[in-house]
Structures are given as structure tokens and as C-alpha cells.
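First the structure, in the form of C-alpha cells, and then the observations on it.
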Amino acid sequence: MRVLAALSGGVDSAVAAARMVDAGHDVVGVHLALAGMPTRSGSRGCCSREDARDAARVADVLGIPFYVWDVSQRFRAEVVDDFVAEYAAGRTPNPCLRCNETIKFAAVLDRALALGFGAVATGHYARLETSPEGTVTLLRAADGEKDQSYVLSVLPQHRLRHAAFPLGASVKSEVREEASHRGLAVAAKPDSHDICFVPDGDTSGFLARHLGPAPGPVVDGASGEVVGSHDGAYAFTVGQRKGLRIGRPAPDGRPRYVLDVSPLERTVTVGPRAALAVDGAHLGTPVWCGVDPGRAFAALGQYRAHGDAVPVDVRPGSDGAGWVAVFAAPQHGVAPGQTLALYDDDRVLGSARITATWRHEPASVRA
Amino acid sequence: MSAYLDHAATTPVLPQAAQAVADELGRFGNPSSLHASGRAARRRVEESRELIAASLGARPSEVVLTAGGTEADNLAVKGLYWARRAGDRRRRRVLVSAVEHHAVLDPAAWLAEAQGAEMETLPVDPWGRVDAEAVEEAIRRDPASVAFVSVMWANNEVGTLQPIGDIAARTRRYGVPLHVDAAQAVGQVPVDVGSCGADAVTVSAHKFGGPTGVGALVASPDLDLVPVLHGGGQEREVRSGTLHVAAIAGFAVAVDVAVAEQPERRRRMTALRGDLVARVLAAVPQARLNGDPDPDGRLPGNAHLSFPGCEADALLMLLDAAGVECSTGSACSAGIPELSHVLLAMGLDEEMAASSLRFSLGYPSTAADVDALVGVLPDAVARARAAGRLSLRGA
Numbered sequence: 003m004r005v006l007a008a009l010s011g012g013v014d015s016a017v018a019a020a021r022m023v024d025a026g027h028d029v030v031g032v033h034l035a036l037a038g039m040p041t042r043s044g045s046r047g048c049c050s051r052e053d054a055r056d057a058a059r060v061a062d063v064l065g066i067p068f069y070v071w072d073v074s075q076r077f078r079a080e081v082v083d084d085f086v087a088e089y090a091a092g093r094t095p096n097p098c099l100r101c102n103e104t105i106k107f108a109a110v111l112d113r114a115l116a117l118g119f120g121a122v123a124t125g126h127y128a129r130l131e132t133s134p135e136g137t138v139t140l141l142r143a144a145d146g147e148k149d150q151s152y153v154l155s156v157l158p159q160h161r162l163r164h165a166a167f168p169l170g171a172s173v174k175s176e177v178r179e180e181a182s183h184r185g186l187a188v189a190a191k192p193d194s195h196d197i198c199f200v201p202d203g204d205t206s207g208f209l210a211r212h213l214g215p216a217p218g219p220v221v222d223g224a225s226g227e228v229v230g231s232h233d234g235a236y237a238f239t240v241g242q243r244k245g246l247r248i249g250r251p252a253p254d255g256r257p258r259y260v261l262d263v264s265p266l267e268r269t270v271t272v273g274p275r276a277a278l279a280v281d282g283a284h285l286g287t288p289v290w291c292g293v294d295p296g297r298a299f300a301a302l303g304q305y306r307a308h309g310d311a312v313p314v315d316v317r318p319g320s321d322g323a324g325w326v327a328v329f330a331a332p333q334h335g336v337a338p339g340q341t342l343a344l345y346d347d348d349r350v351l352g353s354a355r356i357t358a359t360w361r362h363e364p365a366s367v368r369a
Numbered sequence: 002m003s004a005y006l007d008h009a010a011t012t013p014v015l016p017q018a019a020q021a022v023a024d025e026l027g028r029f030g031n032p033s034s035l036h037a038s039g040r041a042a043r044r045r046v047e048e049s050r051e052l053i054a055a056s057l058g059a060r061p062s063e064v065v066l067t068a069g070g071t072e073a074d075n076l077a078v079k080g081l082y083w084a085r086r087a088g089d090r091r092r093r094r095v096l097v098s099a100v101e102h103h104a105v106l107d108p109a110a111w112l113a114e115a116q117g118a119e120m121e122t123l124p125v126d127p128w129g130r131v132d133a134e135a136v137e138e139a140i141r142r143d144p145a146s147v148a149f150v151s152v153m154w155a156n157n158e159v160g161t162l163q164p165i166g167d168i169a170a171r172t173r174r175y176g177v178p179l180h181v182d183a184a185q186a187v188g189q190v191p192v193d194v195g196s197c198g199a200d201a202v203t204v205s206a207h208k209f210g211g212p213t214g215v216g217a218l219v220a221s222p223d224l225d226l227v228p229v230l231h232g233g234g235q236e237r238e239v240r241s242g243t244l245h246v247a248a249i250a251g252f253a254v255a256v257d258v259a260v261a262e263q264p265e266r267r268r269r270m271t272a273l274r275g276d277l278v279a280r281v282l283a284a285v286p287q288a289r290l291n292g293d294p295d296p297d298g299r300l301p302g303n304a305h306l307s308f309p310g311c312e313a314d315a316l317l318m319l320l321d322a323a324g325v326e327c328s329t330g331s332a333c334s335a336g337i338p339e340l341s342h343v344l345l346a347m348g349l350d351e352e353m354a355a356s357s358l359r360f361s362l363g364y365p366s367t368a369a370d371v372d373a374l375v376g377v378l379p380d381a382v383a384r385a386r387a388a389g390r391l392s393l394r395g396a
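Top to bottom, those sequences are chains A and B.
Numbered according to this note's numbering, the first sequence spans residues 3 to 369.
Numbered according to this note's numbering, the second sequence spans residues 2 to 396.
Structure below.
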């Protein structure tokens, strides 16, 4: 099979590509220029960043063709602008998930298929299993620490059928060792943790540059009292504890958390951890990795990339469009904008974006 | 079946040139040394220089050896600007054609950014040709403020020849120095530096069968040039650095052969290119030819075509997989084909510019190369068109 191996310039995608070559596939390496190359003189979007060079070096060592695909405009429109808009609306997006949904396994995969490739292989830690009938199941990685099935939970069956995750059964240390044995210079390259388009890790600063200053009050949720100020409500996330700049301690002496973010009113509401508790959530239209179950079922739900999966009941909403999730135990730190990935043990069933949360189940959503 | 159709990027080293390089690497000596080994090396350098000069219609004293075309262009652009400004502070205007190679455009832009220059780009017609009259007009606006003019002999992307003689006659009239980048021209069309009227001419050895990393700026010793590289004072103090004797020997052999064979190469390549263009247009009727269609107005080996609805990098990848090697224009280290400033200057819209490929023939090209291209191109075009547009450039 002709396989497009997405080479980020990191160790994981390098080993993933190497394994596809070993498996006998006809592999072509492609580096996705996501964030736009730094320009030299005016409009020239040329000249390599280190990652593109590392990716090219990997391809050369593997003896496979290598190209750079410029997806920067699409990435900006689909991922970066969405990221900024979601924060501006007081929601909490996951750009990696969004990138897989709109770029890597959408625009890039579609183009690859049209150009004659059979699959796109990446260095994601997740497993795929194909049934005798050809149905593909997405599973958590063997390395629980590295598992990235959450950010892949947005892929429907027709995308999963053309995905390959050669690292799913491995643990990270093995992958590094393998890279070293294979003579890949990226073996010792540090892992990337940050959002790729916020390389310094300063998300607040990034948002401030895009959205401008929007100072306002920090309000105590119980008393309505103003307890502090902020430079932009969009920089806060529900459940956040650090960086609140609250002068006075809470009456009970316990830490305060962000309970609500209202960028339009420029208000950040804070309160004790107990006030964060959420019993359930309204969901947008889900993406199912397999078939749409069409009815209520019990699952494990995960709403953060590296969060725990917790028992949850999900069912179609009464309005016929979205779905509803009811957590078995109250959750702290669920925020609108997050994606709730649904699992049956290690198997990913699908996912949906959280549109709203509630504390006590309102009558409107009771089954 | 495979085909190399990117000779404008680089072309195979002639066997005679490779032999000369290998022979020279077996000898040693610094041509600047005063002892016997140095003298022997210097003799070989000077013999090479004489051969290079004779091939290009220049005097040996005019040949400033460099580490390639880019360095020669930088020496011309920066060296001329600095020298001219030192002579008269008013000479700030740098007039360059809109279709110059980045080795001219980027140093000129840098002069404007960092050295107080004013960069003016000279427009081109839809074939990519500079109007000599427009050059004169630009000078005439304020002759005393012009540092120099730079117009290439032949365009590297679309192959259009520039009216160098006509431009030179006009720059002469105003006493303005003219630099000409002839990197693509030597070996393809007659290049006579002595009679062309230019004050400085860039030559690059690997474009006509010599090794990479060596070239020359051919300029009269009377032309005032401030060095870019300062040091030991080699090359009449304009270009310091120990000379690469082996590369220079290969350069000399290659230019000698290329110029001697030039009429025959041109005749053969013109026929082959005509065949390539006709068969590509027949196989892919939507394709559009760029550059001057008149064989007398262009490089014989260059065929530049747009394939509407396709992204050039997708086409390039598909052709590469099928063994056909071509280019989206000028090579770029990051591998992202950028929109060609040449095509945009010629008036192509962004979508058309993003769908363009350059096929360039060289002295080893044969009819089999054209057969290979025509055999795989229609399928590649169909696939690339189906793949649509990923980059959204020009959208």
C-alpha cells in the first residue's frame, strides 16, 4: 500500500514511518507546515525551521521521498482561529483534537487518497483493530501514560479506515530506543508538550495578543462581591486555580477556582472547589467511530486529553440534535468547549463537544 | 522509465570536467604561496582563468572567481552599491528587474532595508521581458541617484531572454553600471561578455556541466567594487579566500566545452523542447505555456507550463513517484513551493502561478525523457486535479 507518513520532525512520527517501511509499504514522508514558516524578506514564506529539517533528515535516513505540504492557511483558519474564537466565547477548546478532525485526518487524508495513497500514518499513541468484516476500532494505546486516543476520538469510521498508528502497542521508552538503533538523529529530541502554535507555552499571552486587553472584575460566585481584577476573561478556564490574582483569601481559607467565564460581560466568577461540581452536560452532535448507537447507553467519559475516564450515562437529547451526558459522580473542571470522549473499556466509541454543563439535572433533560 | 527534466537546477558534470577536478585534487598547493608548489597551483588557476575568459569573450583580468552564482550576484549588487555610494552619496537607487533570481532580489532588498538604498523593480511584459525603454525612463527620472541596474540575461523560471544589448546601450548613455546575471544563459545561448555592454556578468559553473560551488563575476578591473569578503586580498582584493583550484579547473573545462558545443546544444534542445511542449499540450489540453513562445526569444531548454486546477507540488510529487523529475520553479530549502514572483510579475493570477511546473532540458536530454514525461503526465494531472487545493493559496 502507498502510505503517507506525516513526519513532524519528532521521534514518534519518525519511528512510525520506519515501521511502515519495514512492513513493506511504499512510504512517502510529508512534513505538514502548520504554523507558517518564518519569512525572510517580505512575502517569502521559505526557509526551514528546525522541525522541517529534522523531518527531511529522517526521510533521507529511511530512504523515502519527502515533501513539505503547506497547510498553514488552512491550519490558521480551522485550528488557530477556532482556538481564539472559542476562548473569546468563554469555552475551552482542544486544538490538537481539532487539528486531527480538520487537518491531518481530513484535508491531508482526503488529498492523500486523491493522490493515490491508501493511508495516512502518524506517530500517535493509539491502536487500531480491524474486524474480519473490515470495521476499524480505535483503542487506547498500550502505554497508558502516552495514550492519545482522546485527540483521535473525533475520527469517524471512514477516516479510521485510512489511518495507521504504528506506535499503539509500544511504550515511549521503546520508541526512543528504536529510533536510536535505527540511527535516527531525532532519538534524543525532547517531547513536545505545548500547543504547537504557542511555542513558548504562554497561552494567556497568545490570546491577549489576538484579542487585546479586556480588563474586568473577578467576582465571588456566592456573595457577588468583586474580589479581584483580570486583563481578559478569555484567558481563564473553568476549573483553573492558578493565576487568579485574588488579593484577599477566601473566608474559609481554601483555594478558589474559576467557576465561570463570561468574556462578553468581562467577568470571571470564582468559588470553592465544591461549587465546580457538575452533574451533567449538554453535548453537540457526536462523532461515532463506529455505528451511531441511537439510544441511551452507559460508558466511560473523558473530557480532558490526560484526564481520567469516569462513568457516564449518555442519551440522545430531547431536541433530536445533540446528546446529553449524566455523570455517575459529580465532576470538577468540566467546561463548555471541551470534548467528551466516550469509551467502552479501552475502545473509543465516539465523542461530542460539551455545549453546556449543569449542577442539578434540569427537568428539561430528564429522560 | 525515468527522466531528469530539471537541468536548470543543476546538470550532470561533464566527464572531462569531473576528470579535471579529480586530477587537480590529486595535486596541491596554495596559489597565493610564493614557493614552487604555490607557483604551480597559480599557473593552473591562471590557465583556467584564461580558458574561462576566452570562452566568455572576456579578458582574464576581468574574471573574479567566486564560490558560485549567488556569491557573484551578491558581490555585484552589494559591491556596486557600496562603491557607487562611496563615490556619491546621492546614488541610492537600485534598479532591478522584477523577475531577477533571489540571489539578486534579496541582496537588493537587504540594501533597501539596512543600507539606505531605494529598490525599484522594473516591470516585465506577459512573457517576462523587461522593456529597455522602461529601464531608461527609470534612470532618466533622476540619473544622478542611480547606483546600478541589474537585469538577468535569461530568466531561470520561464526562460525568457532579456534585451541586454539594448539595455546596456542605455545604461552606458547615463554612465550607470549594469550587472547581468547570466547563470542560466551560458552554454544555452551565445554569451559574449566583451561585446554585450554589461559592466559585470555573473556565471555559475554547475549550470552548464561544471561542479557546484564555483562561478565568477566577470567585471572590468576598472569597475569599482567594494568586497563582500575581506581577507587575504586574492582576486585583485575584491574577493578574498584561498582559491578552490580543483573546482576552478572543472569550471574551465566545462565552460570551454559548453561554449564550443553551444550552437549544437541549442539546435538539439530547441527541437526537443518544441516536441515536449507540443506533446504536453496535446496530452493535457488545459495546460498553458508560459514565457516567450518564439525560440529566438528564449532559452532552448526551458518549458514552463501551468496546469489549471492542479497544485504544482502535488503534480511534482506524482511525477517524482513516476520517475520524472521537474521543478516548481526555483528550489527552496524548506521544500515549500512558494508563489513565483516571476509569474506574478508576468501577470499570472495566484491560482495559475500555484499550478505551474518548469521542465528544463540539458545537454544530456534525449527524446526518451520527453516520452517518459508525456507517458505519465495526463494521469498525474487528473489525480492532482481531483486532489484539489490544500494550501488555499490564492483562494
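Cβ atoms here follow ideal geometry from the backbone N, Cα and C, with glycine treated the same way.
Treat the numbers as computed from the prediction; the structure is a model and nothing was measured.
Item to complete: Output the distance between the C-alpha atoms of D1/B and Q185/B, rounded to the nearest integer angstrom.
Response: There is no way to answer for residue 1/B, as the model of chain B reaches only from 2 to 396.
Item to complete: Report buried or exposed for E103/A, applying the criterion of at least 16 other Cβ atoms within 10 angstroms of its Cβ.
Response: Against the first sequence, residue 103/A aligns to sequence position 101. Looking at its Cβ environment, which holds 16 or more other Cβ atoms inside 10 Å, E103/A is buried.
Worksheet entry | Between the CA atoms of P309/B and D352/B - distance to the nearest angstrom | Taking the first residue of the second sequence as position 1, residue 352/B is located at position 351. Taking the first residue of the second sequence as position 1, residue 309/B is located at position 308. The amino acid at residue 352/B is misidentified as Asp; the sequence shows Glu. Cα to Cα, E352/B sits roughly 8 Å from P309/B.
Worksheet item: So who's on the other strand from V17/A, going by DSSP bridges?
Response: Locating residue 17/A in the first sequence gives position 15, where the first residue counts as 1. Partner(s): none; V17/A has no beta bridge.
Fill in: Residue closest to H207/B, alpha-carbon to alpha-carbon, out of A4/B, T67/B, R28/B, A110/B
In the second sequence, residue 207/B corresponds to position 206, counting from 1. The residue with the shortest Cα to Cα distance from H207/B is T67/B.
Fill in: Given A259/B as reference, the closest of M2/B, A4/B, Y5/B, A18/B once Cα atoms are compared
In the second sequence, the residue the question calls residue 259/B occupies position 258. Per the Cα distances, A18/B.
Worksheet item: Would Y259/A count as contacting chain B if we go by Cβ distances under 9 Å?
Response: The residue you call residue 259/A lines up with position 257 of the first sequence. With 9 Å as the cut-off, Y259/A does not count as an interface residue toward chain B.
Fill in: CB contact below 9 Å: M353/B versus chain A
To locate residue 353/B, count along the second sequence from 1; it is residue 352. Chain A contact via Cβ: absent.
Discussion item. Is it buried or exposed, Q287/B, if we count other Cβ atoms within 10 angstroms and call 16 or more buried?
Written reply: As a position in the second sequence, residue 287/B is number 286, starting the count at 1. Exposed, by the Cβ-count rule.
Practice prompt. If I'm right that T203/B touches A73/B with Cβ under 8 Å, what's the distance once you round it to whole angstroms?
Written response: If you number the second sequence from 1, residue 203/B lands on position 202. If you number the second sequence from 1, residue 73/B lands on position 72. That pair is a contact at about 4 Å.
Discussion item. Does the structure place the stretch 317–330 of chain A close enough to the stretch 20–27 of chain B that three or more beta carbon pairs sit under 8 Å?
Written reply: no
Worksheet item: chain B partners of P67/A, CB-CB under 9 Å?
Response: As a first step, residue 67/A must be located in the first sequence, where it is residue number 65. The contacting residues are M318, D321, A322.
Worksheet item: In angstroms, rounded to a whole number, what distance separates the CA positions of E138/B and A145/B?
Response: Position 137 of the second sequence holds residue 138/B. Position 144 of the second sequence holds residue 145/B. Between E138/B and A145/B, the C-alpha separation is close to 13 Å.
Worksheet item: Name the residues in the stretch 365–386 of chain B whose C-beta lies less than 8 Å from a C-beta of chain A; which are they?
Response: R384, A385
Item to complete: Taking all protein chains shown into account, decide if T132/A is buried (16 or more other Cβ within 10 angstroms of its Cβ) or exposed.
Response: By 1-based counting over the first sequence, the position of residue 132/A is 130. Exposed: under 16 other Cβ atoms inside 10 Å.
Worksheet entry | Outcome for S194/A when other beta-carbon atoms lying within 10 angstroms are tallied against a minimum of 16 | Counting from 1 along the first sequence, the entry for residue 194/A is found at position 192. That one is exposed.
Practice prompt. Mind checking the stretch 69–86 of chain A against chain B and listing, in chain order, the residues whose C-beta falls within less than 9 Å of any C-beta there?
Written response: Y69, V70, W71, D72, V73, S74, Q75, R76, A79
Worksheet item: So what's E121/B in DSSP terms, helix, strand or just coil?
Response: On the second sequence, residue 121/B is found 120 positions in, with the first residue counted as 1. Strand.
Item to complete: Grab the span of the alpha helix (DSSP H) containing R268/B for me, first residue to last.
Response: Taking the first residue of the second sequence as 1, we reach residue 268/B at position 267. Counting along the chain, the alpha helix (DSSP H) containing R268/B begins and ends at 246–284.
Worksheet item: Among the residues of its own chain, which have a CB less than 6 Å from the CB of D28/A, if the five just before and after it don't count?
Response: Working through the first sequence from its first residue, we reach residue 28/A at position 26. For D28/A, where only same-chain residues beyond five positions count, the Cβ hits under 6 Å are R4.
Discussion item. Threshold first: 3 residues or longer. Then list the beta strand (DSSP E) segments lying entirely within the stretch 296–343 of chain B, N to C.
Written reply: 303–307
Fill in: Beta-bridge pairing of R2/A - partner residues as DSSP gives them
Because residue 2/A is not part of the residues shown, which for chain A are 3 to 369, the question remains open.
Worksheet item: Which residues bound the beta strand (DSSP E) around S231/A?
Response: On the first sequence, residue 231/A is found 229 positions in, with the first residue counted as 1. 228–232 is the extent of the beta strand (DSSP E) around S231/A.
Practice prompt. Determine, using beta carbons only, whether A109/A comes closer than 9 Å to chain B.
Written response: Counting from one through the first sequence, the residue named residue 109/A turns up at place 107. Cβ-Cβ to chain B under 9 Å: yes for A109/A.
Item to complete: Label E134/B either buried or exposed according to how many other C-beta atoms from any shown protein chain fall within 10 Å of its C-beta, with 16 as the threshold for buried.
Response: Numbered from its first residue, the second sequence carries residue 134/B at position 133. Exposed is the call here.
Discussion item. To the nearest angstrom, how far is the alpha carbon of N303/B from that of I249/B?
Written reply: Within the second sequence, the letter at position 302 stands for residue 303/B. Within the second sequence, the letter at position 248 stands for residue 249/B. For N303/B and I249/B, the distance between alpha carbons rounds to 27 Å.
Practice prompt. Output yes if chain A places a C-beta closer than 9 Å to the C-beta of S151/B; else output no.
Written response: As a first step, residue 151/B must be located in the second sequence, where it is residue number 150. So, not an interface residue.
Fill in: Residues that A315/B contacts on chain A, provided the C-beta gap is smaller than 8 Å
Sequence index remark: in the second sequence, residue 315/B carries index 314 (1-based). By Cβ distance, chain A contributes R113, L117.
Fill in: Identified DSSP bridge partners for Y259/A
For the purposes of this step, residue 259/A is identified with residue 257 of the first sequence, where counting begins at 1. Y259/A is bridged to G273/A.
Worksheet item: Closer than 9 Å, Cβ to any Cβ of chain A: which residues of the stretch 96–118 of chain B, in chain order?
Response: H103, L106, D107, A110, W111, E114
Discussion item. Do T172/B and G195/B have their beta-carbon atoms positioned less than 9 Å apart in this structure?
Written reply: To locate residue 195/B, count along the second sequence from 1; it is residue 194. To locate residue 172/B, count along the second sequence from 1; it is residue 171. No, they are not a contact pair.
Practice prompt. Give a yes or no on whether the C-beta atoms belonging to R129/A and A116/A are separated by under 9 Å.
Written response: Position 127 of the first sequence, counting from 1, holds the residue named residue 129/A. Position 114 of the first sequence, counting from 1, holds the residue named residue 116/A. No, Cβ-Cβ distance for R129/A and A116/A is not below 9 Å.
Discussion item. Cβ closer than 7 Å: which chain A residues qualify as neighbours of S62/B?
Written reply: Reading the second sequence from its first residue, position 61 is the one you call residue 62/B. Ordered by position in chain A, no residue passes the 7 Å Cβ test against S62/B, which lies about 35 Å from the chain.
Fill in: Own chain, CB closer than 7 Å to S43/A, minus 5 neighbours either side, in chain order
Looking up residue 43/A in the first sequence gives position 41. With a pLDDT of only 34 at S43/A, under the threshold of 50, the placement of this residue in the model should not be trusted, and no figure is reported.
Item to complete: Could you tell me the distance, in whole angstroms, from the CA atom of L57/B to the CA atom of A4/B?
Response: Translated into positions along the second sequence, residue 57/B becomes position 56. Translated into positions along the second sequence, residue 4/B becomes position 3. If I take the Cα positions, the gap works out to 31 Å.
Worksheet item: Would you say L391/B reaches chain A, if we count a Cβ-Cβ gap shorter than 9 Å as a contact?
Response: Reading the second sequence from its first residue, position 390 is the one you call residue 391/B. Answer yes: the Cβ-Cβ gap between L391/B and chain A drops below 9 Å somewhere.
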